[in-house]
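First up is the structure itself, then whatever we jot down about it.
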Amino acid sequence: MSTRKLSTKDEYLQLLDLTYEVAQSIKGKTSSDTRWPDCQQLAVKLFFHAATVYWLREGSTRAPVPYSLKGSSFFDFPSVVVLTRAILETYLTMFKIFFEPSTEDEFEFNHALWLLSGFIIRENFEPSDPTLQAQIADAKIEIQEMRIRIQRTNKFKSLKPGEQKKVLKGEGIRSWKSVAKSAGFGEQTIQRMYAYYSGFVHADGLSGTQTVAAENKEEQIEQMEIHMRVIFLVLSKMIIEYAKKFPEAKGACDKNPNAYFAAEIWSGVASRLP
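The sequence shown lines up with residues 22 to 295 when you count with our numbering.
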């Protein structure tokens, strides 16, 4: 096993490569359970975000306008920060739905609620295009089926009436902080990170200042690599959980022991943070 110190860029590529391999390891896997392919879909989403961060770090964003800047490349630091939050939230969702549940009942509740939370936006949608009417009608039937799945679980039956009402609206009953703690992230650290990333999504004063703070290429790359190290933690957690859940993913990790060792190290770092 190599002990050579890698640069942030090289280690990022190492973990990103293994992330792809473990995500693809269950692609097309035959399963009688129709819920599990959704895990691979989230893994692909996470990989896409992380791959885009790499190219942003390379300064590959190009300005299409105005004419004076057309074709000029630049370092898009704000997008790196926003994507880092998306990567973190994608993994926490994946963990909550697919890796955390200890019972079939909890898995079913979490999965059906996750679907409902997204599809419910179609429930009160009245399309002006008459050709969409049938699609929306079908969507409303699917939404009711999701609610029925939820209501059948013991988890739902154990909730207070107010919580049940929220759930049937597609609203979760657990905070992201609780999920992050269960996923093995330091509670204080994750709370501070989330507050910072939320500031960029909602464009607070600090985000505006930091967007233009770095005045040269070296400073801009340094800013980006801070968040790439946060992504190290997330990719590593995903790799470890995939390897525990799927034999195919463990096989992919066994073929790349150096990257898997790095994932074990970074996953442990996330758990040791305050």
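Every residue, glycine too, gets a C-beta built ideally from N, C-alpha and C. It should be emphasised that the depicted structure is a prediction, and the values quoted were computed from it without experimental measurement.
Histidine 248 places its beta carbon less than 7 Å from that of threonine 105. The C-beta of leucine 227 has fewer than 16 other C-beta atoms within 10 Å across all chains shown, which makes the residue exposed. In the DSSP annotation of this structure, tyrosine 88 is not part of any alpha helix (DSSP H), being labelled neither H nor E. In terms of Cα proximity to serine 196, the closest of Thr114, Ser81 and Tyr217 is Thr114. The beta carbon of histidine 132 sits closer than 6 Å to those of Arg56 and Ile118, all from its chain and outside the five residues before and after it, given in chain order. When the five nearest sequence neighbours on each side are left out, the beta carbons in the same chain lying within less than 6 Å of the beta carbon of asparagine 277 are those of Leu39, in order along the chain. Within the DSSP secondary-structure output, phenylalanine 95 pairs in a beta bridge with Thr82. Contact annotation, arginine 168 with leucine 189: C-beta distance approximately 6 Å; criterion of less than 8 Å satisfied. Burial is judged here by how many other beta carbons sit within 10 angstroms of a residue's own beta carbon; glutamine 209 has fewer than 16 and is exposed. Rounded to whole angstroms, the separation of the alpha carbons of isoleucine 261 and leucine 254 is 11 Å. In summary, tryptophan 287 is buried, with 16 or more beta-carbon neighbours lying within 10 Å of its beta-carbon over all protein chains present. Looking from the CA of methionine 214, the closest CA among Ser52, Val74, Ala107 and Val65 belongs to Ala107. Of all alpha-carbon atoms in Gln241, Lys186, Glu42 and Asp59, the one lying nearest the alpha-carbon of aspartate 275 is that of Glu42. Under the three-pair Cβ rule at 8 Å, the stretch 79-98 counts as touching the stretch 230-239. Of all alpha-carbon atoms in Thr124, Lys198 and Lys187, the one lying nearest the alpha-carbon of asparagine 175 is that of Thr124.
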